[in-house]
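When we follow our numbering, the leftmost residue of the sequence shown carries the number 54, and every step to the right adds one. Even for Gly, the Cβ is constructed at its ideal location relative to N, Cα and C. In this text the structure is predicted, and so the values were computed from the model without any measurement.
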Amino acid sequence: LKGDVIKGLAHITGGGFEENIPRVLPPGCSAKVDLGSWPMIPIFELIRDVSGLPDRELYRTFNMGIGMVIIVKPSDLEELRSQIEEPIWVIGEVTSGNREVDLA
Numbered sequence: 054l055k056g057d058v059i060k061g062l063a064h065i066t067g068g069g070f071e072e073n074i075p076r077v078l079p080p081g082c083s084a085k086v087d088l089g090s091w092p093m094i095p096i097f098e099l100i101r102d103v104s105g106l107p108d109r110e111l112y113r114t115f116n117m118g119i120g121m122v123i124i125v126k127p128s129d130l131e132e133l134r135s136q137i138e139e140p141i142w143v144i145g146e147v148t149s150g151n152r153e154v155d156l157a
């Protein structure tokens with residue numbers, strides 16, 4: 054990627070958003086993830102329906118299809134889109150706080 058567009062990059066592995074995003078947040082920052090702001094892949098609908106697991110556990114265990122979170126300034130979003138060929142969804146925002154993640 055060109056320039057200084059990326060401010061944080063989190064590989065969303067086991068532990069989901071709540072354990073992985075805080076690792077890349079600077080002091081004084083938290084994150085809000087807007088659940089449902091990206092399309093749910095049909096396999097996760099099936100897992101939810103068959104398992105009966107609560108949504109919070111599904112997001113923690115399966116990440117619901119999100120494998121990477123890239124943190125950029127809103128003003129740099131289009132620059133990022135021009136450099137990455139994969140689908141990009143805006144799934145939340147960085148807020149003030151203590152390195153916590155709010156799944157809303």
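Of the residues assessed, LEU99 falls on the exposed side of the cut-off, its CB having fewer than 16 other CB atoms within 10 angstroms. Assignment of beta-bridge partners to ASP155 by DSSP yields LYS85. One Cα belongs to SER83, the other to ARG134, and the distance between them is close to 24 Å. Under DSSP, GLY61 forms a beta bridge with ILE124.
Per DSSP, the continuous beta strand (DSSP E) segment holding SER149 begins and ends at 145-149. LEU111 has its alpha-carbon roughly 31 Å from the corresponding atom of VAL58.
Rounded to whole angstroms, the Cβ separation of GLY61 and VAL77 is 4 Å, and the two are in contact under 8 Å.
In this structure, the beta-carbon distance from VAL103 to ASN73 does not fall below 9 Å. DSSP places ARG76 in no alpha helix (DSSP H); its state is neither H nor E. The C-beta distance from PRO75 to GLU153 rounds to 7 Å, short enough to fall under 8 Å.
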